[in-house]
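Using my numbering, read the sequence shown as starting at 3 and increasing by one per residue. All residues carry an ideal CB built from backbone N, CA and C; glycine is no exception.
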Amino acid sequence: MTRPDAAGRDFGTPAIIQGGMGVGVSGWRLARAVASTGQLGVVSGVALDALLARRLQDGDPDGQVRRALAHFPDPTLVHRTLRRYFVSGGTDRNQPYRPVPRLGLRSHRHGQELAVLGNFVEVFLAKEGHHGPVGVNYLEKIQLATPAAVYGAMLAGVDHVLMGAGLPTEIPGLLDTLAEHRPARLSVAVQAATAGQRFDVTFDPADLLQATPAPVRRPRLLAIVSSATLAAYLARDDTTRPDGFVVESPLAGGHSARPRGALRLSADGEPVYGPRDGVDLARMAALGLPFWIAGGQCGPEQLAAARDAGAAGVQVGTAFALCRESGLDAALRRRMLARAAPGALVVRNHAGVSPTGFPFKLVHLPGTAADDDVYADRPRHCDLGYLRTPYQRPDGRVGYRCPAEPVDDYLRKGGAVEDTVGSRCLCNGLVAAVGLGQRRPDGYREPPLLTLGQDLSFLPPLMGGGDDYSAADVVSYLLGASAAAHA
Ligand SMILES: Cc1cc2nc3c(=O)[nH]c(=O)nc-3n(C[C@H](O)[C@H](O)[C@H](O)COP(=O)(O)O)c2cc1C
């Protein structure tokens, strides 16, 4: 099932999108395994600068990262990064990882290089050995990271860019510009900014690379939205129209949209969603762009129903997050599977844990940062900073703050104390969940933080009495009955 884009290029329209899962849960191994089946494999593009730096400091034991870097069009950039971060044999496991520059309006050259290379490596490796489509997922909210990250992915030939957690109104234009290696500019939302003042982040490939690389293909943009109204808003104008949509319900893993109307909490403290939060699928279909449904769409019946409703297919996350090729730390993944088998794995949606302010699903696994005791013992520390929000200071300059940073710092920056209560450091927790957590000089190790979706009904059929399953098993499970239903 394929459909050419406006320029007549055929990127394929897969029935299944393996959702982008940060940080590093949908890494290149998972995306490659899915794309090898002909479905859309998606790497997470979030924090790939830090992941690259840490993988190099771990000595890149299987050599894959350095092998991918050898294909990057400008070797001088690669040499600089290797000199700075690569440690043959790996650093001492008690040594802290070296910091990477945090995002800011005024970009840091070596931070940009890391972002470009990190995204290049992930997409390059995901695309190897097959002809299936590969996408990269970003959070719109992390605007400061976007241009360099997208450019790195495009240099590796990424087929799709998927973007949620905000409306990607300027991304179609950004992709057009970067495909021609032209200087790009992206607006940045700054809290408490003087009315009428505009901020943006700039990125010029010519500043980074010694020679202009060969032309790259402009990837398709899929906007991840929570309603047909938002999809219609993006679709109505040539400059904002994406090439398709993923429409996601609150059952999905990771972040979700807030419920419409006033926030009400259930007895378990979860946001309560109502009929107004449902998606008008007929309206989605009427927009005339391909769309995929996400959130609890993890069975063949759901895929068949999605197609009957006019969708191209479904986007699935959790079933892939728990499969063998997932980037999750192997021991944590096994513990979750073992708990889930007797139905004892608890995944709750929380209104106040994510610094973004959006509800976020936490897996309540003992010993992780979801645990209130573990969380209370964690010294607050903001060294990764991806979720920091730019704000304008009284002196007119732009500062950055995050409700999960040390409380005094946040208050000094004008933040409200109530935002800090319960706010988890997603950056450190999610990086630790893929086995690359920071170790502090005093011996403290950042605890992992886990997220999944709330529909785990795919596990019994996929596990089938065994103790593991692969990404290809998920794809055949989803396609099996759907193919029969459409035969
Ligand atoms: C571990 C995990 C991490 C996720 N991270 C992201 C992310 O960084 N960006 C994003 O757009 N969606 C993220 N998602 C959502 C998935 O891309 C997908 O839409 C969702 O999981 C689909 O619902 P399901 O989990 O019920 O299959 C994440 C999901 C999981 C399970």
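With H, G and I counted as helix, E and B as strand and the rest as coil, what does DSSP make of G401? strand
Per DSSP, what kind of secondary structure is F201 in: helix, strand or coil? coil
Using a Cβ-based criterion (distance less than 7 Å to any ligand heavy atom), does S189 qualify as near ligand 1? no
In terms of residue numbering, what span does the alpha helix (DSSP H) encompassing I173 cover? 173-181
Closest by C-alpha distance to A254, when choosing among R341, A333, A321, D475: A321
Is the beta carbon of A49 less than 8 Å from the beta carbon of L386? yes
What is the DSSP secondary structure of R41, reduced to helix, strand or coil? Here the sequence assigns Gln to residue 41, which means Arg is not the residue at that position. Correct three-state label for Q41: coil.
Using DSSP's beta-bridge definition, name the partner residues of T15. For T15, which the question treats as bridged, DSSP gives no partner whatsoever.
Alpha carbon to alpha carbon, how far is Y153 from P207? Give it in angstroms, no decimals. 8 Å
Assuming Q317 contacts A287 under a Cβ cut-off of 8 Å, what Cβ separation, rounded to an integer in Å, is found between them? Not confirmed; about 16 Å, so no contact.
I need the straight-line Cα distance from S459 to Q304, nearest angstrom please. 12 Å
Kindly indicate which residue of S328, L324, E407, R262 has the alpha-carbon position closest to the one of G276. R262
Using three-state DSSP, classify L121 as helix, strand or coil. For clarity, residue 121 is Asn in the given sequence; the question names Leu instead. Three-state result, N121: helix.
Within 7 Å: the Cβ of N139 and any heavy atom of ligand 1? yes
Does the Cβ-Cβ distance between A55 and G43 come in under 8 Å? no
To the nearest angstrom, report how far apart R243 and P174 are at their CA atoms. 7 Å
Distance check for R350 and A52, CA to CA, integer angstroms please. 28 Å
Taking the C-alpha atoms as reference points, what is the distance between L157 and V218? 6 Å
Does the distance between the C-beta of M23 and the nearest non-hydrogen atom of ligand 1 fall short of 7 Å? yes
Looking at V227 and V249, is the spacing between their C-beta atoms short of 8 Å? yes
How would you write the range of the alpha helix (DSSP H) that S478 sits in, first residue to last? 473-487
Decide yes or no for the touch test of the region 174-184 against the region 128-145: beta carbon pairs closer than 8 Å, at least 3 of them. no
Could you give the C-beta distance for Y471 and C325, rounded to a whole number, given that I count them as a contact under 8 Å? 6 Å
Count the other CB atoms, across all protein chains shown, that sit within 10 Å of the CB of A486; report buried if there are 16 or more and exposed otherwise. Any reading at A486 must be qualified, since the residue scores a pLDDT of 42, below 50, and its modelled position is unreliable; the value itself is stated next. Classification for A486: exposed.
In terms of residues, what are the limits of the beta strand (DSSP E) holding M165? 162-166
Alpha carbon to alpha carbon, how far is E448 from Q440? Give it in angstroms, no decimals. 6 Å
Please report how far the alpha carbon of Q145 lies from the alpha carbon of V400, in whole angstroms. 15 Å
By the 10 Å Cβ neighbour count, where 16 or more other Cβ atoms means buried, how is T148 classified, buried or exposed? buried
Express the C-alpha separation of R285 and G319 in angstroms, rounding to a whole number. 24 Å
Taking just the CA atoms, how far does Q41 sit from H352? 32 Å
Leaving out the 5 sequence neighbours to the left and right, which residues in its chain are closer than 7 Å to A474 when beta-carbon positions are compared? A35, T39
According to DSSP, is G21 part of a helix, a strand, or is it coil? coil
Would the beta-carbon of A342 be found less than 7 Å away from any heavy atom of ligand 1? no
Would G431 and K363 qualify as a contact pair, given that the criterion is a beta-carbon distance under 8 Å? no
By Cβ distance below 7 Å, which residues in the same chain neighbour G482 in space, the five residues on each side in sequence not counted? P302
At a cut-off of 7 Å, would you count I226 as near ligand 1, judging by its Cβ distance to the nearest heavy atom? yes
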